[in-house]
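Counting in the working numbering, the sequence shown runs from 49 upward without gaps. Here is the structure we will look at.
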Amino acid sequence: MTGSDPRTAPAAAPLTGPAAPCWVTLMTRDLGAAQRFYGQVLGWSFRPGRLGEEFSVARRGDVPVAGVVGVSSAYKVAVAWMPYFAVADADRAAARVRERSGTVAVGPLTVGAGRGVLASDRDGAAFGLWEHADSSASAPAPAGHAHTWLRLRTRNAFDAAIFYGEVLDWASGHPGSCDVAYEGEEVIVRCQGRPLARISSGAVEAAADPLVRPHWQVQFPVTDLPGTVAAAGRHGGEPVEERAVLGGTEVTLRDPDGALFTVTDVRTPVGSPTP
49 MTGSDPRTAP
59 AAAPLTGPAA
69 PCWVTLMTRD
79 LGAAQRFYGQ
89 VLGWSFRPGR
99 LGEEFSVARR
109 GDVPVAGVVG
119 VSSAYKVAVA
129 WMPYFAVADA
139 DRAAARVRER
149 SGTVAVGPLT
159 VGAGRGVLAS
169 DRDGAAFGLW
179 EHADSSASAP
189 APAGHAHTWL
199 RLRTRNAFDA
209 AIFYGEVLDW
219 ASGHPGSCDV
229 AYEGEEVIVR
239 CQGRPLARIS
249 SGAVEAAADP
259 LVRPHWQVQF
269 PVTDLPGTVA
279 AAGRHGGEPV
289 EERAVLGGTE
299 VTLRDPDGAL
309 FTVTDVRTPV
319 GSPTP
């Protein structure tokens, strides 16, 4: 069994806690099968969530790292990993999405102790919004732990940064807002100085290949990249794409239900060694 690496990316933004910038959730048709696959491949354990029997929380040790939701095949919901960005007001954020030619597919809906929105940006990349209704969320992970990070492959990184900045108050100067920097040919998003996401250009809106269309890519750092890829194959997954990046390699995998996710051995979300 392989596992996500608590030593990688010590400066990565935490994904838990009431002030966390983001959370990631897997929508799947078979909750039990998903738990078995990701437990064997990434070394996670699972506990029931507070949102019902079809929701569980993946944990690495005692640290929550992701949500997994079982969705009936009768519902027209894509099997996919999706980032949820924290917002102070779900109604206002959803209105901003619409005003900027994005799409709100679901919500805002009250779900447990929060309010959620499913949306897509103007290039079609799907994402969620989450408004915390209380402050009882899990504490942030220690500084030495990186749960996951994100990469948006989109048509135009500059244009996407403007869209998400206006929707999520990035680079607004407000307390707790994330900063945006243009480094090389990518946009880097940092929250309280800690890297969260990369935004890169070149995706094609009409492409049949889901790796080429605009989409949010969820990336998990691992200690043993070849071992993780092999474990995925043994348990019904398959490699889809391998890419050499600055600082290491990333491999996109398809789980047995069809959801795409990426594992990487790079040290930081921006693909360069930690100083």
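For each residue, glycine too, the CB sits at the ideal point set by N, CA and C.
### Message
Can you give me the C-alpha to C-alpha distance between H222 and V314, rounded to a whole angstrom?
### Response
31 Å
### Query
Quick one, which of G162, T276 and A114 has its alpha-carbon nearest V266's?
A114
### Residue environment, G224, which counts as buried when at least 16 other CB atoms sit within 10 Å
exposed
### Query
Leaving out five residues before and five after R302 in sequence, what residues of the same chain have Cβ atoms less than 7 Å from its Cβ?
G285, E286, V288 and L308
### Task
Could you tell me which residues DSSP pairs with Q265 in its beta bridges?
R199
### Task
Grab the span of the beta strand (DSSP E) containing P287 for me, first residue to last.
E286 to V293
### Message
Determine whether the beta carbon atoms of P131 and L198 lie at a separation below 8 Å.
### Response
yes
### Query
What residue range is occupied by the uninterrupted beta strand (DSSP E) comprising G231?
It should be pointed out that residue 231 corresponds to Glu in this sequence rather than to Gly. C226 to E231 is the span of the beta strand (DSSP E), which, as asked, contains E231.
### Task
State the DSSP-derived secondary structure class of A106, mapped to helix, strand or coil.
strand
### Message
Runs of 3 residues minimum, wholly inside the stretch 152-180: which ones carry the beta strand (DSSP E) assignment?
### Response
162-168 and 174-180
### Message
Does the stretch 225-241 come into contact with the stretch 269-282, if we say contact requires no fewer than three beta-carbon pairs (one atom in each stretch) closer than 8 Å?
### Response
no
### Query
alpha helix (DSSP H) containing L90: first to last residue?
L79 to L90
### Message
Taking 8 Å as the cut-off, does the stretch 241-257 touch the stretch 201-219 (at least 3 CB pairs, one atom from each stretch)?
### Response
yes
### Message
Between the alpha carbons of V159 and A219, how many angstroms are there, rounded?
### Response
29 Å
### Task
Run the CB neighbour count on G176, radius 10 Å, all protein chains shown included, and call it buried at 16 or more, exposed below.
buried
#### Entry: Proximity of V105 and D305 at Cβ, strictly below 8 Å
no
### Query
Name the DSSP beta bridge partners of F94, please?
A106
### Query
Looking only at its own chain, which residues have a Cβ that is under 6 Å from the Cβ of T310, when we skip the five neighbours before and after it?
Q265, Q267, E298 and T300
### Query
Taking Cβ to Cβ, would you say A138 is nearer than 8 Å to P112?
no
### Task
Keeping to the same chain, check which residues put their C-beta closer than 7 Å to that of P96; ignore five residues upstream and five downstream.
S104
### Query
How long is the line joining the alpha carbons of D169 and P69, rounded to whole angstroms?
18 Å
### Task
Can you have a look at D257 and say buried or exposed, based on whether 16 or more other CB atoms are within 10 angstroms of its CB?
exposed
### Nearest-angstrom Cα separation, counted from G162 out to T312
31 Å
### Task
Give a yes or no on whether the C-beta atoms belonging to V135 and T73 are separated by under 8 Å.
no
### Query
Which of helix, strand or coil does DSSP assign to L273?
helix
#### Entry: Backbone secondary structure at E147 - three-state DSSP
helix
### Query
Do the CB positions of W71 and W178 come within less than 8 Å of each other?
yes
#### Entry: Same chain, Cβ closer than 7 Å to V152, neighbours up to 5 away in sequence not counted
A142, V145, R146, V165 and A167
### Query
Quick one: Cα of A209 to Cα of L259, how far?
20 Å
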